[in-house]
Amino acid sequence: MSQIATLILDGESHDFPVIVGTENEPAIDISSLRARTGHITLDQGYGNTGSCESAITYIDGEKGILRYRGIPIEQFANGPNFIEVAWLLIFGRLPNVEEYAEFANELTHEANIDEGMRHHFDSFPRKAPPMAILASMVSALSCFHPELLELDDPSRFRSAAARLMSKIRTIAAFAYRHSQGLPYMYPDPREKYVNNFLHMMFSMPYDHYVDDDLVRDALNMILILHADHEQNCSTSTVRMVGSSHANLFASCSAGISALWGPLHGGANVAVLEMLQRIHDGQLTPQEYVKLSKDKESGVRLMGFGHRVYKNFDPRARLLADIAGELLPRLDKNDPLLNIARELEEIALQDPYFVERKLYPNVDFYSGIILRAIGIPVNMFTVIFAMGRLPGWIAHWWEQQQENARISRPRQVYQGNGLTDYTPLHGRKR
Ligand code: SDX
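The working numbering puts the first residue of the sequence shown at 231, with every later residue one more than the last.
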């Protein structure tokens with residue numbers, strides 16, 4: 231029997247339906263609230279507000295569960311490559327051998343960017359933030375692929391998804407090469423997805439980069455663990471922009487900009503800067519944790535806390551394990567890893583963090599792994615964007631399929647009451 235929620239306003243009862251998700255998460259459907267009661271709700275940061283129903287990713291923040299299309303992320307630890315998981319997220323199930331091969335071939339075929347786009351890189355300052363270049367050039371795909379702006383059928387959507395998935399690597403690598411004053415290394419059709427990216431990042435015209443399997447597998451897992459995370463800030467941004475029927479490239483470009491913020495995807499850079507500050511002796515781990523508890527300091531323990539996880543972020547657990555295995559095997563002894571572990575140990579025993587259920591999140595260890603495989607710090611959030619792209623594409627398409635209404639939240643107005651215009655020269659000094 232379906233549940234209802236009753237709201238009593240000015241002595242009048244109003245019943246609203248309760249809908250229940252696959253994992254029994256209940257939600258009060260307030261779609262008719264304003265029409266029936268003249269009231270809206272207010273929920274700063276949407277901590278209690280569902281924006282949609284979705285079948286892509288399930289998170290249980292209390293239990294630290296994360297599943298892509300029902301599959302726990304722990305099961306991806308020693309198995310698929312990123313493209314297989316991207317296919318799962320975008321198309322709703324695991325691909326068969328033929329579907330996977332066809333998609334992988336399409337990504338190989340689509341890896342190059344138009345030469346006109348390549349010339350754009352030359353106009354950016356060397357020190358331009360790679361996230362700014364990434365957002366600009368992903369949006370610029372709308373200029374070079376106008377035939378993929380109206381995606382009214384699945385086959386054109388699939389072409390756009392493949393083109394975007396493939397070209398984001400080239401754009402990311404070219405942004406890095408430009409920042410270093412290095413020649414662009416074009417995609418190598420003989421290389422698979424991650425290897426091709428590493429080739430474009432680190433090969434030289436006279437020296438083809440050969441990564442070892444450890445580096446490839448670590449980056450593959452980093453991309454998988456970042457691939458989707460339901461209605462996070464950047465994915466909600468992609469949905470918001472897509473709800474106006476803006477095209478896929480423009481919507482994902484907006485997602486890149488949202489991800490850039492240090493409270494979101496930019497946190498992996500902030501974590502490294504925090505660890506480096508401690509390593510350089512500016513503060514001890516104890517002093518940093520103390521500072522992060524002082525609201526006046528404006529300092530937060532970066533890589534800790536999460537809007538949804540009130541338990542360990544399952545991705546952080548996997549990334550901590552990868553860091554612990556990878557660094558010794560790469561013969562890298564990064565002091566920042568030891569500092570991270572010390573910070574984690576201190577915080578997990580500190581009542582401030584325990585009471586607020588603040589645990590390490592995805593960003594706490596990812597930077598240490600990226601640094602160990604040679605990715606420069608200013609490219610960390612770019613890697614996060616590459617990982618999150620299939621999630622953005624999946625959510626954009628899920629929303630397009632539903633013919634969802636344009637997203638347009640309400641507000642509670644707290645400004646001036648009715649006010650008259652006064653001519654410029656009549657105003658008080
Ligand atoms: C990502 O949403 C997603 O799914 C995001 C993501 C994804 O995959 O897309 O998981 C990726 O963005 C991970 C988060 C990366 N950001 C950081 O690591 C930055 C540091 N963390 C925080 O700023 C914070 O925890 C957020 C932004 C992640 C969550 O912010 P909320 O949910 O708005 O929590 P809050 O700011 O209301 O904090 C609740 C309390 C506050 O203290 P009180 O007012 O209750 O006394 O906890 C405190 C906060 O001051 N707090 C922290 C803290 N995080 C929260 N105090 C110190 N250090 C921290 N890191």
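Idealized CB from N, CA, C, for every residue including glycine.
For clarity, every value in this text was computed on a predicted model and none was experimentally measured.
With respect to 7 Å, is the separation between the Cβ of residue i and the closest non-hydrogen atom of the ligand SDX below this value?
{"i": "D593", "result": "yes"}
{"i": "G280", "result": "no"}
{"i": "A497", "result": "yes"}
{"i": "F534", "result": "yes"}
{"i": "L453", "result": "no"}
{"i": "G275", "result": "yes"}
{"i": "C463", "result": "yes"}
{"i": "N509", "result": "The sequence given here has His at residue 509, not Asn. No."}
{"i": "V468", "result": "no"}
{"i": "L493", "result": "yes"}
{"i": "V471", "result": "no"}
{"i": "H459", "result": "yes"}
{"i": "V612", "result": "no"}
{"i": "V538", "result": "yes"}
{"i": "L619", "result": "no"}
{"i": "L588", "result": "yes"}
{"i": "L531", "result": "yes"}
{"i": "S522", "result": "yes"}
Have a look at residue i and residue j and give me their C-alpha separation to the nearest angstrom.
{"i": "M431", "j": "F404", "result": "8 Å"}
{"i": "E283", "j": "Q629", "result": "9 Å"}
{"i": "A307", "j": "L428", "result": "21 Å"}
{"i": "Q579", "j": "L549", "result": "21 Å"}
{"i": "L237", "j": "I270", "result": "12 Å"}
{"i": "P360", "j": "R659", "result": "46 Å"}
{"i": "T279", "j": "K587", "result": "20 Å"}
{"i": "A546", "j": "S596", "result": "8 Å"}
{"i": "H349", "j": "A484", "result": "22 Å"}
{"i": "S261", "j": "T465", "result": "22 Å"}
{"i": "P653", "j": "R635", "result": "41 Å"}
{"i": "D564", "j": "L381", "result": "47 Å"}
{"i": "N498", "j": "D240", "result": "49 Å"}
{"i": "R530", "j": "A476", "result": "35 Å"}
{"i": "G554", "j": "M609", "result": "22 Å"}
{"i": "S243", "j": "S637", "result": "28 Å"}
{"i": "G617", "j": "E503", "result": "22 Å"}
{"i": "I569", "j": "E517", "result": "13 Å"}
{"i": "G251", "j": "K562", "result": "45 Å"}
{"i": "Y288", "j": "D441", "result": "34 Å"}
{"i": "N326", "j": "G300", "result": "17 Å"}
{"i": "A480", "j": "S353", "result": "21 Å"}
{"i": "G172", "j": "Y651", "result": "It is not possible to answer for residue 172, since the shown part of the chain is limited to 231 through 659."}
Per the DSSP calculation, residue i is bridged to which residue(s)?
{"i": "S288", "result": "Reading the sequence as shown, one finds Tyr at residue 288 and not Ser. According to DSSP, Y288 bridges with R297."}
{"i": "P590", "result": "F534"}
{"i": "P581", "result": "In DSSP, P581 forms no bridge with anything."}
{"i": "D245", "result": "T236"}
{"i": "I258", "result": "V248"}
{"i": "D437", "result": "M434"}
CB of residue i to nearest heavy atom of the ligand ADP: below 7 Å?
{"i": "R547", "result": "Because the ligand ADP does not appear in the structure shown, any question about it cannot be addressed here, the ligands present being the ligand SDX."}
So within the stretch 447-516, which uninterrupted alpha helix (DSSP H) runs reach at least 4 residues, ignoring any that extend past its ends? Inside the stretch 447-516, DSSP marks whole alpha helix (DSSP H) runs of 4 or more residues at positions 463-472, 478-489 and 497-509, from first to last along the chain.
Enumerated in chain order, which unbroken segments of the alpha helix (DSSP H) with a length of 4 residues or greater are wholly contained in the stretch 295-336? 312-321
Jot down the residue ranges of each uninterrupted alpha helix (DSSP H) in the stretch 609-636, minimum 4 residues, whole runs only, in chain order. 610-631
Could you tell me which uninterrupted alpha helix (DSSP H) segments, each at least 4 residues in length, are contained entirely in the stretch 378-433, listed from first to last along the chain? 384-410 and 423-432
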